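Colleague: Okay, here's the structure, questions in a sec.
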Amino acid sequence: MNQQPIHPRSLPETAKVGVSRAPSAVDAVSEAAAEFPLHSVCFVMMFIPDHLDACEVADAASAIMPSTTVFGCTTAGQITPGGYENNALVMIAFPRRHFRCSSALISPLNPASIERIASEARTLASRFPRTANWRRVALVIADGLSKQEDMLVAALEAGLGDVPVFGGSAGHGLAFDETFVIRGGETHSNAALLLLLETDLCFRGIGFDHFLPTDKQMVVTRAVPEDRLVLEINGTPAAEEYARYVGCSVADLSPKVFAENPVLVRNGKSWHVRAIQQVADNGGLYFLSAIDDGLVLTLGQGTEILQTLEAGLTQADPKGRAPDFILGFDCVLRRLEIEQNNLQGEASGVLRQHRVVGFNTYGEQHLGVHVNQTFVGVAFFPPSDGGLF
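In terms of the working numbering, the sequence shown has 823 at position 160, counting the first letter as 1, and numbering is strictly consecutive.
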């Protein structure tokens, strides 16, 4: 996507954003890092486009910002102050004036246990001294191909108690081949990054999709849960049966079809998307979230995606003020649907208006649940005392 124009009102004031579309890691890091004063930074979050090598970016960040703590991941697209982009290195500098941070690398993710991860989260929280009148929020970025995010977020919720957890799964375009998280100057696969933040800013978690359940239901009758692979639906090869439900042939199944015809799972009074990644060679379907035998899947029907985007991003603090910025984790399948319907310009305009910065994910983490085709984010509001970066 071409670079979108950036109006000054699209830029946050309590955090600073650096963006570069340079073709080399060193040039991109240098250009993006030049957008903020390093001496005022608590930490930097960095979202890497798929044309840059993650290891080279991490090395460049360590060399160019040796005294700055840097976290990040590879992405399936970026959200800059101009909107959706594909080739932008994005850096968000969180200032010491408003943020404190402690982190943990959870590795390996697979194999792993809920007990171990919950214990690591509790240890991180207990060793992070509390600041009076500041609030805590946890951010998590996981290897998007680990197939362990469901277990991960459940464990983090158990370990962190009343601290809300939001995040996304790292991506690599639409390749689905390898993803990385970055902590310090090192890249890691089969790992997750846990950031425990304290801030004096008011914040609010966000989570929404644009699908409603239909009356078309199907049952998983044969699955390989550890691989998120469904082999049979209603006793029939999974791809064949899903294609019948959506009214196309197996040969026509594609990311576009999956994005526009997701299946939903009910959790209490809520519905969550269980996105399909691709057709398996054996006629099964690979999913991006947990599946199991006996799971009831309901075909979803889309509502107007731009209207739900605008409504979901329209937030206000107790004083009625709009967010200073929204840290966004937006599923790549949502973006794919937007692009396939030629709505990327309008969608980018909505993102700009609401000062969203972040990346496109292979899955999202929202309050203890791993979801798909969902926008998850944290809205940070202007400081009460007017203090900026």
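Backbone N, C-alpha and C fix where the C-beta goes; we use that ideal spot for every residue, glycine too. As the structure is a prediction and not an experimental result, all values here were calculated from the model.
1) With H, G and I counted as helix, E and B as strand and the rest as coil, what does DSSP make of Thr786?
2) On the criterion of 16 or more Cβ atoms from any shown chain inside 10 Å, does Gly1021 qualify as buried, or is it exposed?
3) What's the C-alpha gap between Asn773 and Asp1048?
4) Can you check DSSP and say which residues form a bridge with Phe706?
5) Can you list, in chain order, the residues of its chain whose CB lies under 6 Å from that of Ala721, leaving out five sequence neighbours each side?
6) What is the C-beta distance between Val883 and Asp956, in whole angstroms, given that I count them as a contact (C-beta under 8 Å)?
7) Taking the beta carbon of Gly910 as the centre, do at least 16 other beta carbons fall within 10 Å, making it buried, or is it exposed?
8) By the 10 Å Cβ neighbour count, where 16 or more other Cβ atoms means buried, how is Val1041 classified, buried or exposed?
9) Looking at Pro712: is its Cβ nearer than 8 Å to the Cβ of Leu752?
10) Restricting to runs no shorter than 4 residues, where is the alpha helix (DSSP H) found entirely within the region 926 to 998?
11) Is it true that the CB of Leu962 sits closer than 8 Å to the CB of Thr877?
12) For Asn1009, which residues from the same chain have a beta carbon less than 6 Å from its beta carbon, with the 5 sequence-adjacent residues on both sides left out?
13) Spatial neighbours of Arg885 within its chain, please: CB distance less than 7 Å, with the 5 preceding and 5 following residues excluded, ordered by chain position.
14) Flag this pair as yes or no: are the beta carbons of Val800 and Phe866 separated by less than 8 Å?
15) Looking only at C-alpha atoms, which of Asn1004, Thr862 and His1029 sits nearest to Lys919?
Modeller: In this structure, then:
1) Here the question's residue 786 lines up with position 123 in the sequence shown. Three-state DSSP puts Thr786 in a helix.
2) Counted from its first residue, the sequence shown places residue 1021 at position 358. Classification for Gly1021: buried.
3) On the sequence shown, residue 773 is found 110 positions in, with the first residue counted as 1. On the sequence shown, residue 1048 is found 385 positions in, with the first residue counted as 1. Answer to the nearest angstrom: the Cα atoms are 45 Å apart.
4) Translated into positions along the sequence shown, residue 706 becomes position 43. DSSP, once it has assigned bridges, lists Phe757 as partnering Phe706.
5) Taking the first residue of the sequence shown as 1, we reach residue 721 at position 58. Cβ neighbours of Ala721 beyond the five flanking positions: Ile845, Gly848 and Thr850.
6) Here residue 883 refers to the residue found at position 220 of the sequence shown. Here residue 956 refers to the residue found at position 293 of the sequence shown. Between Val883 and Asp956 the beta-carbon gap is near 6 Å, inside 8 Å, which marks them as a contact.
7) Numbered from 1 along the sequence shown, position 247 holds the residue referred to as residue 910. It counts as exposed.
8) The residue you call residue 1041 lines up with position 378 of the sequence shown. Val1041 is buried by the Cβ-count criterion.
9) Taking the sequence shown and counting its residues from 1, the one referred to as residue 712 is at position 49. Taking the sequence shown and counting its residues from 1, the one referred to as residue 752 is at position 89. Closer than 8 Å, so yes.
10) You should have 968 to 976.
11) In the sequence shown, the residue the question calls residue 877 occupies position 214. In the sequence shown, the residue the question calls residue 962 occupies position 299. Here Thr877 is near Leu962, since their CB atoms are less than 8 Å apart.
12) Numbered from its first residue, the sequence shown carries residue 1009 at position 346. The sequence given here places Glu at residue 1009; Asn does not occur at that position. For Glu1009, where only same-chain residues beyond five positions count, the Cβ hits under 6 Å are Leu969.
13) Counted from its first residue, the sequence shown places residue 885 at position 222. Taken in chain order, the residues that qualify are Leu894, Glu895 and Asp956.
14) Position 137 of the sequence shown, counted from the first residue, corresponds to residue 800. Position 203 of the sequence shown, counted from the first residue, corresponds to residue 866. Yes, the pair counts as a contact, with Cβ atoms nearer than the cut-off.
15) Start at 1 with the first residue of the sequence shown, and residue 919 comes out as number 256. Selection Asn1004, Thr862 and His1029 evaluated against Lys919 yields Asn1004 as nearest (Cα-Cα).
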